[in-house]
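Inspection log for the structure reproduced underneath, given as structure tokens.
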Amino acid sequence: MTRFTHFCTTFLVVLALPLSADYEAKAQLQRVTTVVPFPRGIQPLGEDFVVLSRGRVRGSGGVSAEIEDRAGTLFLVNPDVRQSVLEPEVSEEVRENGRVLAEPTSPPFRLWNRSSVPPSADRETDRPYCVLRYHEASKNLFICAFSGVDKPGSTNGRSFSKNLTDAILRFDLRSNEWHTVERHDIEAGGLYPHHNPKLMAPPHGWLNGPNNLLVQGDWLYAVGKDNSLLVRYDLRPLLTDSTAPALPSEWVLGGTLALTNGSSQTLEGHSALAWHKGFCYLGTRTNSVIVRFPMSDTGEIEQPLKGELIALFDPFDPNTNKTSDITDITFDPQGQLYVLNAQPSRVFRFVPDPITIFDARNKAQQPWFHLADALGNPKMKSENIHYRHPQQLFVTSGDGYGYQSGADGTLYVITW
Numbered sequence: 248m249t250r251f252t253h254f255c256t257t258f259l260v261v262l263a264l265p266l267s268a269d270y271e272a273k274a275q276l277q278r279v280t281t282v283v284p285f286p287r288g289i290q291p292l293g294e295d296f297v298v299l300s301r302g303r304v305r306g307s308g309g310v311s312a313e314i315e316d317r318a319g320t321l322f323l324v325n326p327d328v329r330q331s332v333l334e335p336e337v338s339e340e341v342r343e344n345g346r347v348l349a350e351p352t353s354p355p356f357r358l359w360n361r362s363s364v365p366p367s368a369d370r371e372t373d374r375p376y377c378v379l380r381y382h383e384a385s386k387n388l389f390i391c392a393f394s395g396v397d398k399p400g401s402t403n404g405r406s407f408s409k410n411l412t413d414a415i416l417r418f419d420l421r422s423n424e425w426h427t428v429e430r431h432d433i434e435a436g437g438l439y440p441h442h443n444p445k446l447m448a449p450p451h452g453w454l455n456g457p458n459n460l461l462v463q464g465d466w467l468y469a470v471g472k473d474n475s476l477l478v479r480y481d482l483r484p485l486l487t488d489s490t491a492p493a494l495p496s497e498w499v500l501g502g503t504l505a506l507t508n509g510s511s512q513t514l515e516g517h518s519a520l521a522w523h524k525g526f527c528y529l530g531t532r533t534n535s536v537i538v539r540f541p542m543s544d545t546g547e548i549e550q551p552l553k554g555e556l557i558a559l560f561d562p563f564d565p566n567t568n569k570t571s572d573i574t575d576i577t578f579d580p581q582g583q584l585y586v587l588n589a590q591p592s593r594v595f596r597f598v599p600d601p602i603t604i605f606d607a608r609n610k611a612q613q614p615w616f617h618l619a620d621a622l623g624n625p626k627m628k629s630e631n632i633h634y635r636h637p638q639q640l641f642v643t644s645g646d647g648y649g650y651q652s653g654a655d656g657t658l659y660v661i662t663w
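Here it is as structure tokens:
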């Protein structure tokens, strides 16, 4: 046998071998952009996506005077730019896929004081924590502002100390200006809430750790992970007034949901919201459950709420500090629910059925797509997802490529 014949035979045998699961996953995974430092929140707007920058990830050291990490900036990204992760070097098209739609302004942002020495001396800065939602009728984009500082002293060299100035902010595309939806008052000690809403006009500062949003009809629903609360805001004043003051708001759901079977479900660490065919779905980060309760397509609900348990994931373990960490959920048109577990980054997919509760505890169910495994990065962290027809799931990640002055961030898409 000649060398050439031996080479061809070997090559054909290699081709005939089955591909590894990780390789097949990589083949489905593509980069869209690395422009946005620590991307959080994905919102379609026309043919583009708006993507929010959280800023330099804590795992890379957090905020720094040496790095312009663009925290609070909204970028317009072309979702159809694609590059396979099988290509090790990020393409120029991906590295340049994005332009600024809006920069944070003061007011209403409390922008980071770059002269703070050390950076941990800054106790008021707004850093957009997560998510991005859009209300078409008022042309408003909504974000959560949640902040803190990294301080020395922990066993790994960092400790996180939360600020007391949590907020929900909005960007009005009619006037191209930022406004406040709610704000905690640091002078009042960051209490949750500061005021009795029956006695004091809004904003009330309901949410400790505002963590996710849902626009349904003319209502904005919002959750706080640290005080396990769901509230809503009436968006109708924005329909005719882009400068409308703080919106009327009300309590919806706390840490317990009555179930239709007569029992109740504890909810700890509200973190994810989605709507599908007459139900609002709510996921938690601490005890890691997903529940649903009736909600009309215009966002109306009936009190008292009665719901159903949909899914169980591994809850927070204080001994290991590990949790499934549900950070976002979304649906496709077929009614399949996609559930993002933050770290290591992985996505579960199933059709909700309260009769047969989805149970992923102790690896009873395997992820539909394991991004961390596919990229060989067990510390990969993702926070937000968005489904786009047909068969495209976009995932933000604070890990990956440091081309943006050390800020790190990639928007991926899974296609199938």
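Residue numbers (my numbering): 248 to 663.
All C-beta atoms in this analysis are idealised placements derived from N, C-alpha and C, irrespective of residue type, glycine included.
Residue(s) in a DSSP beta bridge with residue i
i           : result
residue 418 : 388, 425
residue 576 : 586
residue 519 : 530
residue 481 : 466
residue 286 : 300
residue 610 : Paired residue(s): none; residue 610 is not in a bridge.
residue 629 : 644
residue 321 : 299, 349
Buried or exposed by the 16-neighbour rule on C-beta atoms within 10 Å, applied to residue i
i           : result
residue 254 : Bear in mind that the predicted position of residue 254 carries a pLDDT of just 39, short of 50, making it unreliable; the figure below should be weighed with that in mind. That one is exposed.
residue 572 : buried
residue 368 : exposed
residue 251 : Only weak support exists for where residue 251 lies, its pLDDT of 43 falling under 50; the coordinates are left without a value.
residue 626 : exposed
residue 657 : buried
residue 364 : exposed
residue 590 : buried
residue 602 : exposed
residue 384 : exposed
residue 407 : exposed
Start-to-end residues for the alpha helix (DSSP H) that takes in residue i
i           : result
residue 275 : 268-275
residue 620 : 618-621
residue 593 : From DSSP, residue 593 is part of no alpha helix (DSSP H) but of the beta strand (DSSP E) over 593-597.
residue 539 : Counting along the chain, residue 539 falls outside any alpha helix (DSSP H), though it belongs to the beta strand (DSSP E) covering 536-541.
6 Å CB neighbourhood of residue i in its chain, flanking five on each side removed
i           : result
residue 558 : 537, 605
residue 352 : 425
residue 460 : 378, 380, 389, 469
residue 515 : 475, 531, 533, 534
residue 545 : 464
residue 579 : 634
Own chain residues within Cβ distance below 8 Å of residue i, not counting five before or after
i           : result
residue 456 : 376, 393, 409, 413, 471, 472, 473, 474
residue 302 : 284, 285, 310, 316, 317, 318, 319, 374, 375, 654
residue 542 : 463, 522, 525, 526, 527, 548
residue 289 : 296, 297, 298, 379, 631, 632, 633, 641, 643, 658
residue 356 : 319, 373, 392, 416, 425
Near the ligand HEM: residue i beta-carbon under 7 Å from a heavy atom
i           : result
residue 378 : Among the ligands in the structure shown, none appear at all, so the ligand HEM cannot be discussed.
Residues of its chain near residue i, where Cβ-Cβ distance is below 7 Å and the 5 sequence neighbours each way are ignored
i           : result
residue 610 : none
residue 518 : 458, 459, 470, 472, 530, 531, 532, 573, 574
residue 259 : Here the model assigns residue 259 a pLDDT of 41, short of 50, so the residue's position is not dependable, and the following value carries that caveat. Answer for residue 259: no residue qualifies.
residue 628 : 589, 590, 592, 644, 645, 646
Residue span of the beta strand (DSSP E) that contains residue i, given as start and end
i           : result
residue 342 : Here residue 342 belongs to no beta strand (DSSP E); instead the alpha helix (DSSP H) covers 339-342.
residue 242 : The requested residue 242 is not part of the displayed model; the chain covers only 248 to 663.
residue 553 : 553-559
residue 356 : Element bounds for residue 356: n/a, residue is neither H nor E.
C-beta neighbour in chain C for residue i, strict 8 Å
i           : result
residue 614 : Absent here is chain C; the protein component of the structure consists of one chain.
* Asked: Does the region 272-279 come within contact of the region 332-339, defined as at least 3 CB pairs closer than 8 Å?
  -> yes
* To do: May I ask you to verify whether the region 595-603 touches the region 629-638, counting CB pairs closer than 8 Å and requiring at least 3?
  => no
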